[in-house]
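Below is one structure, written out as structure tokens; comments come after it.
There are 2 protein chains.
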Amino acid sequence: MTDVSNLISNIEQGCSKIPKKHFEKGEVITTYIQKRNQICIMVNGKADLIRYDLNGNKDIVDKFNERDIFGEVFYPVHTNNELIVMATTDCDVLFLVHDYIYNRCKQNCKFHNSFSSSILELTLRNSVHQNTRIEVLSKRTIREKLLTYFSILSSKDFSKSFTLPFSLTNLADYLSVDRSAMMRELKNLSNEGFISKNGNRIKLLYK
Amino acid sequence: MTDVSNLISNIEQGCSKIPKKHFEKGEVITTYIQKRNQICIMVNGKADLIRYDLNGNKDIVDKFNERDIFGEVFYPVHTNNELIVMATTDCDVLFLVHDYIYNRCKQNCKFHNSFSSSILELTLRNSVHQNTRIEVLSKRTIREKLLTYFSILSSKDFSKSFTLPFSLTNLADYLSVDRSAMMRELKNLSNEGFISKNGNRIKLLYK
DNA sequence: TAAAAAAAGTTGCAATTGCAACAGAAAAAA
DNA sequence: TTTTTTCTGTTGCAATTGCAACTTTTTTTA
Numbered sequence: 055m056t057d058v059s060n061l062i063s064n065i066e067q068g069c070s071k072i073p074k075k076h077f078e079k080g081e082v083i084t085t086y087i088q089k090r091n092q093i094c095i096m097v098n099g100k101a102d103l104i105r106y107d108l109n110g111n112k113d114i115v116d117k118f119n120e121r122d123i124f125g126e127v128f129y130p131v132h133t134n135n136e137l138i139v140m141a142t143t144d145c146d147v148l149f150l151v152h153d154y155i156y157n158r159c160k161q162n163c164k165f166h167n168s169f170s171s172s173i174l175e176l177t178l179r180n181s182v183h184q185n186t187r188i189e190v191l192s193k194r195t196i197r198e199k200l201l202t203y204f205s206i207l208s209s210k211d212f213s214k215s216f217t218l219p220f221s222l223t224n225l226a227d228y229l230s231v232d233r234s235a236m237m238r239e240l241k242n243l244s245n246e247g248f249i250s251k252n253g254n255r256i257k258l259l260y261k
Numbered sequence: 055m056t057d058v059s060n061l062i063s064n065i066e067q068g069c070s071k072i073p074k075k076h077f078e079k080g081e082v083i084t085t086y087i088q089k090r091n092q093i094c095i096m097v098n099g100k101a102d103l104i105r106y107d108l109n110g111n112k113d114i115v116d117k118f119n120e121r122d123i124f125g126e127v128f129y130p131v132h133t134n135n136e137l138i139v140m141a142t143t144d145c146d147v148l149f150l151v152h153d154y155i156y157n158r159c160k161q162n163c164k165f166h167n168s169f170s171s172s173i174l175e176l177t178l179r180n181s182v183h184q185n186t187r188i189e190v191l192s193k194r195t196i197r198e199k200l201l202t203y204f205s206i207l208s209s210k211d212f213s214k215s216f217t218l219p220f221s222l223t224n225l226a227d228y229l230s231v232d233r234s235a236m237m238r239e240l241k242n243l244s245n246e247g248f249i250s251k252n253g254n255r256i257k258l259l260y261k
């Protein structure tokens, strides 16, 4: 599979002007409502996809990192409540219109031929992440969620030891469980000799 | 967005011979192990993505329906245990190789130009389904999972009444909760006047 | 570098959930 | 049409979880 950076520069340096915008931390990058054909690419920085429910509670629906692809094509809004993408660090974002993939430019240039391939690659990469998350979320206990996720990280790194890609608070969000309950379960796993833990570094002790 | 059937016939009737195979219920369609570039399209029929864990327990990881796209590109195996796609009804499946998207045929024919666009469309559609499932799974209680899913179905149908797309047993699997606990919660929702239920038909009574 | 904010860590308790073990209804297969 | 299988519905009980309310540590910002 082609390297992600190459794909992005491939898209950036295409024949047509694809707008790249800069955002400061806290700024709204886009909203998901009747922008159905919008595809965005995070060139660098991070952002959250946020929904405010009827009671005004903030709900972080998704998190985007450098090189992630997002936009309403991935998440057609089915309710009245708007979804907002908000920068959590300073960032640069490419804005593409999905129709553009079909309505190729007149020249039928080499760029257009590889354009949808590049978008496809990024989308497939996104799909793999989604499947991983679904696999983890579909486990029924916190223990199983943790062990499933750890096992995936372990095989990615080809090692029984690995560093969590985010803080424990964010890990609880990723697993969609109560943080304190997760901490309790991490301690249990540690006490029962399944894992050892030092900050964000985990070592699997079984098998 | 282009109609899914058109996309599939677009792919099927392309310039190159894309193998379409028929499977009887219970046959193995493919395995996910060292077929990293395989993309499959379910033309008709249904299949399950199955994993057997170390204890030999069968775990249904995903379910594919008519018009779904699947294959190891969406689910690179990260563990030793093989994933198997097994037909749950008779079905017809297209087998594509992902590399094919890059290595275009010499003629640079019209087909190849739209090929990756079609795959992209199907993949985006898949992504939308995955996001829906993640949204539902990330709710912490069975009640919230049910109400979130019902709200999505309701807005899809533009109606407070809708029919569940699968059996209650499969609904419990989709939500990844114990079936009997889900039945209990459905009864509670009914008793408390939030919903009314008649077989697979649900009516939302709130707001 | 001091102040503020975010993250980590802990615990009791009540609510929710999974599990097990049923019985009856409906659908599919023989 | 009978048999078999799958699906629906129910309940008690033990285990797990979320919630609330803290303290301590680490990181960020002013």
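Note that the protein sequences, when read in sequence, are chains R and B.
For what it's worth, the numbering used here labels the leading residue of the first sequence as 55, then goes sequentially.
For what it's worth, the numbering used here labels the leading residue of the second sequence as 55, then goes sequentially.
Glycine is no exception: its CB is placed at the ideal position from the N, C-alpha and C atoms.
For residue 177 of chain B, the closest alpha carbon among the candidates B/195, B/223, B/129 and B/202 is that of B/129.
Distance from residue 139 of chain B to residue 82 of chain B at the Cβ level is roughly 7 Å; contact confirmed, criterion being Cβ atoms closer than 8 Å.
Taking a Cβ-Cβ threshold of 9 Å, the residues of chain B close to residue 129 of chain R are 181, 182, 185, 186 and 189, in chain order. Within the stretch 192 to 213 of chain B, the residues whose Cβ lies closer than 7 Å to some Cβ of chain R are 192, 194, 205, 206, 209 and 210, listed in chain order.
When only Cα atoms are considered, residue 248 of chain B and residue 73 of chain R end up about 47 Å apart. Put simply, the backbone Cα of residue 171 of chain R is about 11 Å away from that of residue 175 of chain B.
DSSP, reduced to helix, strand and coil, places residue 142 of chain R outside both helices and strands of the structure shown, so it counts as coil. In the DSSP assignment, residue 149 of chain B forms a beta bridge with B/94.
Residue environment analysis places residue 232 of chain R among the exposed positions, since fewer than 16 neighbouring C-beta atoms fall within 10 angstroms of its C-beta.
In this structure, residue 96 of chain B sits near residue 146 of chain B, with a CB-CB distance shorter than 9 Å. DSSP lists B/217 and B/252 as the bridge partner or partners of residue 255 of chain B. Beyond the five residues adjoining it in sequence on each side, residue 190 of chain R comes within less than 7 Å, by CB distance, of 199, 202, 203 and 229 in the same chain, given in chain order.
Residue 88 of chain B is classed as exposed because its beta carbon has fewer than 16 other beta carbons within 10 Å across all chains shown. Contact note: residue 173 of chain B reaches chain R through 174, using a C-beta cutoff of 7 Å and chain order. Residue contact check for residue 234 of chain B against chain R: no CB pair falls below 9 Å. Note on the stretch 173 to 227 of chain R: whole alpha helix (DSSP H) runs with a minimum of 4 residues are 196 to 211, in chain order.
The C-alpha of residue 187 of chain B is placed about 13 Å away from the C-alpha of residue 116 of chain R. DSSP links residue 116 of chain R through a beta bridge to R/103. Within 8 Å of the CB of residue 177 of chain B, the CB atoms of chain R belong to 174, 177, 178 and 181, in sequence order along the chain. Residue 72 of chain R: not part of any beta strand (DSSP E); DSSP gives it neither H nor E. Here the C-alpha atom of residue 60 of chain R lies approximately 16 Å from the C-alpha atom of residue 94 of chain R.
For residue 215 of chain B, no CB of chain R lies under 9 Å from its own CB, so it is not counted at the interface with that chain. Residue range 82 to 86 is occupied by the beta strand (DSSP E) that includes residue 83 of chain R. For residue 59 of chain B, the enclosing alpha helix (DSSP H) has its first and last residue at 58 to 66. For residue 258 of chain B, same chain residues with a beta-carbon under 7 Å away, outside a window of 5 residues either side, are 204, 208, 214 and 249 in chain order. In this model, residue 236 of chain R and residue 223 of chain R are separated by some 9 Å (Cα to Cα). For the C-beta of residue 63 of chain B, not a single chain R residue is nearer than 7 Å; the gap to the nearest is close to 17 Å. Per DSSP, the unbroken alpha helix (DSSP H) holding residue 245 of chain B starts and ends at 233 to 245. Looking at the backbone, the Cα of residue 225 of chain R and that of residue 141 of chain R are separated by about 20 Å.
When the beta-carbon positions are compared, residue 255 of chain R and residue 216 of chain R come within less than 9 Å of each other.
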